[in-house]
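Student: Using this note's numbering, you'd call the opening residue of the sequence shown number 5 and step up by one each time.
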Amino acid sequence: MVRPGTRGVVLDLDDTLYLERDYVRSGFGAVAEHLAAGWDVDAARVREHLWRRFTEGERGSHFDDLVSGDPALRDRVHVPDLVEVYRHHVPAIRLLPGIEDLVGALRSAGLRTGVISDGALASQQAKVDALAVDRLIEGPVVLTDVWGREGWKPHPRAFLHVQQAWSLPPEDLVYVGDNPHKDFDAPRDLGWACVRLRLPGQLHADVPDRVVPDLTVTSVGALAEALTPAPRLR
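1) What span of residues does the beta strand (DSSP E) with Gly33 cover, start to end?
2) DSSP has Ser121 in a bridge; who is on the other side?
3) Are the beta-carbon atoms belonging to Val119 and Ile103 less than 7 Å from one another?
4) Closest by CA to Pro184, which one among Val50, Thr220, His93?
5) Just list the residues that DSSP pairs Gly181 with in beta bridges.
6) Quick check on Asp87: does DSSP put it in helix, strand or coil?
7) Starting from Val224 and walking both ways along the alpha helix (DSSP H), at which residues does that stretch end?
8) In the DSSP assignment, find the alpha helix (DSSP H) that holds Leu219 and state where it starts and stops.
9) Can you look up Gly12 in the DSSP assignment and give me helix, strand or coil?
10) Cβ of Arg161 within 7 Å of Cβ of Gly155?
11) Three Cβ pairs or more, each shorter than 8 Å: is that satisfied between the segment 106-114 and the segment 76-85?
12) Residues in the same chain with beta-carbon distance under 7 Å from Val89, minus the five sequence neighbours each way, listed in chain order, please.
13) Going by beta-carbon coordinates alone, are Ala197 and Asp218 separated by less than 7 Å?
14) How would you write the range of the alpha helix (DSSP H) that Arg103 sits in, first residue to last?
15) For the alpha helix (DSSP H) that contains Val156, what are its first and last residues?
16) Taking 7 Å as the cut-off, decide whether the C-beta atoms of Ala126 and His92 are in contact.
The following block contains the structure:
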């Protein structure tokens, strides 16, 4: 186990419970259908364009480039409207294989389970609903955007909220995330154990560690072995 005496495990959402690229693809599809319904554009072409830019590494300007580069959309479609479609769509995503069994094993072992996740509140809530996280995780499920952008990781507010909700000391807690840019600063400073889940297909899989976690695992199965207490010998 990561740390003897662990009593609570908190997981990130994006690229930890599911692959974030699946949400991106789903959102691009929703935007493409929205444009096809209101303007003379081909939904398949829009999807292909957005996904190609994403797989090429483009981040943050997909919709600007799409609108400015298409005469049928230029001066007629507003990018903020497309962002709203993207954020409020019902995502076609699913839990990573093994995650449901992992959480079940943690709960059966008597460990508390929670989630801390950043991102626009509408998007994150849609993901929580699509994955039925509230039924999977004991809670709390903390979406940091309820406090505004300033509450996003690496701000410690969400981690302190969990400590207080569970009345547990930091040395009894573990955070599991994927993003070395921001996931581990606050829990490490507070005294939590930190585990990086590093999988093919994650957006940050190739990013080197900035805050070195206590453990890095490369499969959900290895994560389960690390977090689940070993059975006692009789």
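In this text, a Cβ means the ideal position worked out from N, Cα and C, and glycines have one as well.
Tutor: Per the coordinate set shown:
1) Indexing the sequence shown from 1 puts residue 33 at position 29. In this chain, Gly33 is not harboured by any beta strand (DSSP E); it is covered by the alpha helix (DSSP H) spanning 24-42.
2) Here residue 121 refers to the residue found at position 117 when the sequence shown is read from its first residue. Per DSSP, Leu147.
3) Here residue 119 corresponds to residue number 115 of the sequence shown, with the count starting at 1. Here residue 103 corresponds to residue number 99 of the sequence shown, with the count starting at 1. In this structure, Val119 lies away from Ile103, with their beta-carbon atoms at least 7 Å apart.
4) If you number the sequence shown from 1, residue 184 lands on position 180. Relative to the Cα of Pro184, the nearest Cα in the group Val50, Thr220, His93 belongs to Thr220.
5) As a position in the sequence shown, residue 181 is number 177, starting the count at 1. As a beta-bridge residue in DSSP terms, Gly181 pairs with Arg200.
6) What you label residue 87 is simply residue 83 of the sequence shown in a count that begins at 1. As written in the sequence, residue 87 is Val, which differs from the Asp given in the question. Helix.
7) For the purposes of this step, residue 224 is identified with residue 220 of the sequence shown, where counting begins at 1. For Val224, the enclosing alpha helix (DSSP H) covers residues 224-231.
8) Stepping through the sequence shown from its first residue, residue 219 is reached at position 215. Careful: Leu219 lies outside any alpha helix (DSSP H), inside the beta strand (DSSP E) at 219-221.
9) In the sequence shown, residue 12 corresponds to position 8, counting from 1. In the displayed model, Gly12 falls within a strand according to three-state DSSP.
10) Sequence index remark: in the sequence shown, residue 161 carries index 157 (1-based). Sequence index remark: in the sequence shown, residue 155 carries index 151 (1-based). For Arg161 and Gly155, yes; Cβs fall inside 7 Å.
11) No: the two stretches stay apart, fewer than three of their Cβ pairs being nearer than 8 Å.
12) What you label residue 89 is simply residue 85 of the sequence shown in a count that begins at 1. Only Ala34, Val35, His38 meet the Cβ criterion.
13) Numbered from its first residue, the sequence shown carries residue 197 at position 193. Numbered from its first residue, the sequence shown carries residue 218 at position 214. Yes, the Cβ-Cβ distance between Ala197 and Asp218 is below 7 Å.
14) Residue numbering aside, residue 103 sits at position 99 when the sequence shown is read from its first letter. Looking at the sequence itself, residue 103 is Ile, so the reference to Arg does not match. Taken as a continuous stretch (DSSP letters only), the alpha helix (DSSP H) holding Ile103 covers 103-112.
15) One-based indexing of the sequence shown puts residue 156 at position 152. Note on identity: in this sequence residue 156 is Trp, with Val being the wrong assignment. Neither: Trp156 is in no alpha helix (DSSP H) and is coded neither H nor E.
16) Position 122 of the sequence shown, counted from the start, is the residue given in the question as residue 126. Position 88 of the sequence shown, counted from the start, is the residue given in the question as residue 92. Cβ distance < 7 Å, so Ala126 and His92 count as in contact.
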